[in-house]
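Notes follow once the structure below has been shown.
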Amino acid sequence: EENKEKRRITKKVVLKCQKRVPARMEEEMLASSDNNNDAGDDVEQAKKEGGETGLQQDRTPECSGEEEQQQQEETADDYEPCDPLIVLNLFQSLSSTTSSLELQIKINKHLRELTGSPCVFLVPILSSSEEGLIQVINDNVLDKEIRFSINSSHLKNASQQNGYPFVIEDLNKDFSEVIEMVVGNKHNTLIFDIKSSRVSKLQTQISTTSASSLNSLPTLASLDGSSTTNNAQQQCNNNNNNGSSNNCNNHSHPQQQQQQIALFVCIAGDNESRSRYQFYIEDTFRYVLGHLLTAFELFEEKRVRYQCQNLLQVARRLLGNIGDLGQLLRGVMTEAKELTTAERCSLFLLDKATGELVSKVFDGNEASKEIRIESGKGIAGYVAQTGKLLNIRNAYQHPLFYKGVDESTGFKTRNILCFPICDEQGVIGVAQLCNKINGFHFDKCDEEVATAFSVYCGIAIMHALVHKQVQKAEARYKLSQELLLYHMKVPDTEIQHVLEGVNTSETDQLLVDFPKFDFCPRDVRNYALSVQLSMKMFYDLNFITTFQIPEDKLARFILLVQRGYRDTPYHNWWHAFSVAHFAYTLMTNLQLIEKGIITKMQGFSFLIAAFCHDLDHRGTSNTYQTQSSSPLARLYSSEGSVNERHHLSQAICILNDSSSKILDGLSTEEFKECIDYLRDLILATDLANHFRILPHLKRLRAENLAEPANQRLLLSLMITCCDLSDQIKSWKTVQHVAHLVYAEFFNEGDLEKQMGLRPNAMMDRKKACIPVLQIEFLTTVVRPTFEILVTIFPQTDAFLTTIDSNRHQWEEVKESTSGACSGGSECCEFQGGEPAPETEDSGSKQQEEG
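Mapped onto our numbering, the consecutive letters of the sequence shown carry residue numbers 1223 to 2072.
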């Protein structure tokens, strides 16, 4: 009787101190306490007779919530409450600190002393990130805190299963794995949930539940009667004079019904001790829960502040590398991996011209070939298209994930965090992180870091791109200065000399065959005469009248173009003059403009492109420019076709010169159209581009040339034929041109050897066999190209006859020099070639170009 009275008085003191229920309900509870004590004696007798079975066996799906709660109350009375002095001392010690780690250590120690359990730890639910957090096991602070996701929908469903047991795997797989990792298989783990109305984001409208349990590992029991729960009940009762708990659960107070799980208490022990553990947990957390939740909130605030400070340091490091975009991108990936503890990182930049994602750097290593991903394709493409972060916790179950890369590399991708990098105008790139280290997957914290980090990345990359544009502008300026120093101004007397000699009878009489296909421009040999003939092309095609070109500006333009070519063996003025002549003969003999096959603007641009297509050629290929990291490569390598883009730049530079503006008579729209055609035609002289569009060229027919796209393809085909036109001339010219071409090739091969590189066989003067190479060139490049032209214009079939004849000549040369072309000997010599063109001012021109 003394024990009963002691429990009665203690309960009364606790209830009055907490002010949980009105006095009327207090008397009812005290009255029921005596009955419960009597019932407790019966329970003790039943335990002695039949053994304690635990609530898990007592609870059945048929038990109502009220019966279950009554069972809990009856069982709770069998345990001695905590000494109030111990509780006060605990609360006093907790109130002296706001450190969540110290609070957990003290609470764990208190619960271990009460329960005798070998292992106790708390799992707070972080509502801001929907995660569970484990920092302390017993009194040991973990070196690396454990975070795992909490599925709010599973948690809600589990909490609503009143009277039904459920296993933790149904609640959250990550939670189950964490429990097994922390506690192991030696101990059964009992898990109790603590609810609070302060948690508002993780779950909504979860009603309080009675105790529930789990089979084997782990076991969960629900805790009702926390301080917050009793406060809500107190408020409900104060607002409802009836004081009925059923009325309190009506919809009149929806906010007070949102009792949501704030944390889990995990205790190692058997199921038979569950009720006793629950009693002590309830008795402890009704006093300390509020302070503990405040400490966790403070911890999260400190974490966010630390992240902000860390991100500022990262931004400082990134902005220090804007001078080198490649180094900056590698730095971005390194920082991203460290901030999120990821195993791998890939970074893609958006090519706004094509809408593709482009990357040449993976995990700090520069790839030899860039990777391109179409917009909307794959995970990175989806993020670039939508601009939204994507956190994939199981990569193999995601429909956008491509398993082929893992299968080919042997790398196992578990999870992915992919986020966009944006500037003020939109997405400029995408970063993709793979495999969270020391974690099950990337969590909400990682998402927050990635989102903030992407802003700094966008700023740094934007500045790096602007800096790169400035560097390009400086490189262009240096090249322009070099060009101006290399070329001298054209004197007015030379312009006058050209204009006086254009329409003389002597010129007309000597060049009766000039408009014919079989005329060889290389036979002219006179620079001044070649300029006059170039003027004649514009006259004959009526471009001077149509586009209102002043004759003096046209003459100055041609002279500047002539001087824009260096004194290389092959890519010099005579090559440009030959290409322009073939373009002129195509338009004249096939009547392309008169028949409406091409427009006058297309023809005008076609002829200008033929003259300018190799301006300032250095006698080396695109490959050499890239390998040597020349100024041209640094300026144009990212766009491809290094030489061709430089030729285009020089052409526009001459066209913009005030003394040679032959496009001044065009309107703004016509000028833009002309420049567009000029760009496409000059870039089309890159054979790599020719082979890329070859399948489309083969579909060209005379009857489908009216389509704008096919007209552009036809122009690309014709400019390539013009570039190869030396191969449809006489055998004497073909021999001479081959000698010039391979002189350039061998010079480049020598330069590559000096760089320690192994040159291509056709550029190695000790390995190349010119007849064999020429036969292959005529068979694989020249004849297939002219076959397409003959298909469209059958009247040009004589070209194929000439090509076959020249190939036969090369085969005879090959037979006669077969011994000299074997065994890596010196390149075979052959008869042919011509002396360099002679002019009245050849000495002065050589001095100028020197």
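Just so you know, even glycine gets a beta-carbon here, dropped at the ideal spot from N, CA and C. Remember, it's a predicted structure, so these values are computed and weren't measured experimentally.
{"Query": "I need the straight-line Cα distance from P1346 to E1560, nearest angstrom please.", "Result": "26 Å"}
{"Query": "Within a Cβ cutoff of 6 Å, which residues of the same chain sit near S1859, ignoring the five residues on either side of it in sequence?", "Result": "T1848"}
{"Query": "Exposed or buried, which one is Q1531 when buried takes at least 16 other CB atoms within 10 Å?", "Result": "exposed"}
{"Query": "Do L1837 and H1869 have their C-beta atoms within less than 9 Å of each other?", "Result": "yes"}
{"Query": "Drop a sphere of 10 angstroms on the beta-carbon of K1775, count the other beta-carbons inside from all chains shown, and report buried for 16 or more, exposed for fewer.", "Result": "buried"}
{"Query": "Pairing CB atoms from the region 1561-1572 with CB atoms from the region 1595-1607, are three or more of them under 8 Å?", "Result": "yes"}
{"Query": "Could you tell me the boundaries of the alpha helix (DSSP H) in which N1330 lies?", "Result": "S1322 to T1337"}
{"Query": "At the 9 Å Cβ level, is Q1607 part of the contact set with chain B, yes or no?", "Result": "This model lacks chain B altogether, as it is built from one protein chain only."}
{"Query": "Would you grab the beta carbon distance between F1313 and N1330 for me? Rounded to a whole angstrom, and I think it's under 8 Å.", "Result": "So it is not a contact: roughly 16 Å between Cβ atoms."}
{"Query": "Along the chain, where does the alpha helix (DSSP H) that runs through N1532 open and close?", "Result": "R1496 to L1541"}
{"Query": "Taking a contact to mean a Cβ-Cβ separation below 9 Å, would you say P1743 touches H1803 in this structure?", "Result": "yes"}
{"Query": "Skipping 5 residues on each side, what residues in its chain have a beta carbon closer than 8 Å to that of F1760?", "Result": "I1766, I1771, L1776 and L1829"}
{"Query": "Determine the extent of the alpha helix (DSSP H) in which N1811 is found, giving its start and end residues.", "Result": "W1795 to N1811"}
{"Query": "Bridge partners of A1653, per DSSP?", "Result": "L1569 and F1641"}
{"Query": "Around the Cβ of E1494, are there at least 16 other Cβ atoms within 10 angstroms (buried) or fewer (exposed)?", "Result": "exposed"}
{"Query": "R1987 by DSSP, collapsed to three states: which one?", "Result": "coil"}
{"Query": "Can you tell me which residues form a DSSP beta bridge with E1353?", "Result": "L1348 and S1371"}
{"Query": "Run the CB neighbour count on M1985, radius 10 Å, all protein chains shown included, and call it buried at 16 or more, exposed below.", "Result": "buried"}
{"Query": "Can you give me the start and stop residues for the alpha helix (DSSP H) that Q1784 sits inside?", "Result": "E1773 to R1785"}
{"Query": "Thinking C-alpha only, which one of V1671, L1307 and K1599 is nearest V1526?", "Result": "V1671"}
{"Query": "If you draw a straight line from the C-alpha of L1812 to the C-alpha of D1628, how long is it?", "Result": "57 Å"}
{"Query": "Mind checking whether I1359 and V1400 have CB atoms under 9 Å apart?", "Result": "no"}
{"Query": "Round the Cβ separation of A1798 and F1833 to the nearest angstrom and send it over; I've been treating them as touching at under 8 Å.", "Result": "6 Å"}
{"Query": "Rounded to the nearest angstrom, what separates I1997 and W2032 at their Cα positions?", "Result": "6 Å"}
{"Query": "With a 10 Å radius around its C-beta and 16 neighbouring C-beta atoms as the bar for buried, classify D1415 as buried or exposed.", "Result": "buried"}
{"Query": "Counting C-beta neighbours from all protein chains within 10 Å, is the total for P1981 16 or more, i.e. buried, or is it exposed?", "Result": "buried"}
{"Query": "Am I right that L1888 and C1896 are in contact with their C-beta atoms under 8 Å? What's the rounded C-beta distance?", "Result": "6 Å"}
{"Query": "Determine the direct distance from the alpha carbon of G1648 to that of I1681, and round the result to whole angstroms.", "Result": "12 Å"}
{"Query": "Considering only the alpha carbon of each residue, which of L1919, Q1824 and R1921 lies closest to K1894?", "Result": "Q1824"}
{"Query": "Are there 16 or more other CB atoms within 10 angstroms of the CB of H2030, so buried, or fewer, so exposed?", "Result": "exposed"}
{"Query": "What's the gap between the Cα of C1943 and the Cα of F1913?", "Result": "13 Å"}
{"Query": "Determine the DSSP secondary structure at R1788, reduced to helix, strand or coil.", "Result": "coil"}
{"Query": "Would L1520 be called buried (16 or more neighbouring beta carbons within 10 Å of its own) or exposed?", "Result": "exposed"}
{"Query": "Classify P1642: buried if its beta carbon has 16 or more other beta carbons within 10 angstroms, exposed otherwise.", "Result": "buried"}
{"Query": "Extract the residue ranges of the beta strand (DSSP E) inside the region 1895-1961, only unbroken runs of 3 or more that lie entirely within it.", "Result": "none"}
{"Query": "Sort L1946, I1815 and T1845 by Cα distance to A1906 and report the nearest one.", "Result": "L1946"}
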